[in-house]
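Heads up: the sequence shown begins at 1 in UniProt numbering, then just goes up one per residue.
Cβ coordinates follow ideal geometry from the N, Cα and C atoms, glycine included.
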Amino acid sequence: MNNYDNNEREVEIVNDDFNDKKNSFNFIISWIPFILALIYTISPIDFIPDVIPVAGWGEDALFLIASALHGIQNTVLDKNTSIYKIVKYIKWASFIFTIMFILILVLLIVLVFKVSAN
Numbered sequence: 001m002n003n004y005d006n007n008e009r010e011v012e013i014v015n016d017d018f019n020d021k022k023n024s025f026n027f028i029i030s031w032i033p034f035i036l037a038l039i040y041t042i043s044p045i046d047f048i049p050d051v052i053p054v055a056g057w058g059e060d061a062l063f064l065i066a067s068a069l070h071g072i073q074n075t076v077l078d079k080n081t082s083i084y085k086i087v088k089y090i091k092w093a094s095f096i097f098t099i100m101f102i103l104i105l106v107l108l109i110v111l112v113f114k115v116s117a118n
């Protein structure tokens, strides 16, 4: 075995260590939105109060689902592109559904206040 082979193996080992650290950092970063969504769900501060049964709980659930799909998309399914694409579309559909849900609820609240003011 010559010195060149040893150096090449050392470079591979260092490169693997760097990739492992990079992947672990990306893993942590990918799950931060889910952790924030959990904190948001537990906290008493909400966009839509949990007193409104379906709207408040639904909004919390949609945030949790979307953030969990984000974490899954960026960490677990890196190698399988077809599942990665499916999770990506489901994630964006849930984001869009959440935004539409919030806008419709705000529209209904404005409508109720406008009708009750007359």
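- LEU69 sits close to ILE90, with the two beta carbons spaced by under 8 Å.
- Comparing alpha-carbon positions, the option among SER24, LEU64, ILE109 and PHE27 lying closest to LEU38 turns out to be LEU64.
- With respect to the 8 Å criterion, THR98 and ALA66 are classified as neighbours on the basis of their beta carbons.
- ILE72: not part of any alpha helix (DSSP H); DSSP gives it neither H nor E.
- Per DSSP, the continuous alpha helix (DSSP H) segment holding PHE95 begins and ends at 81-117.
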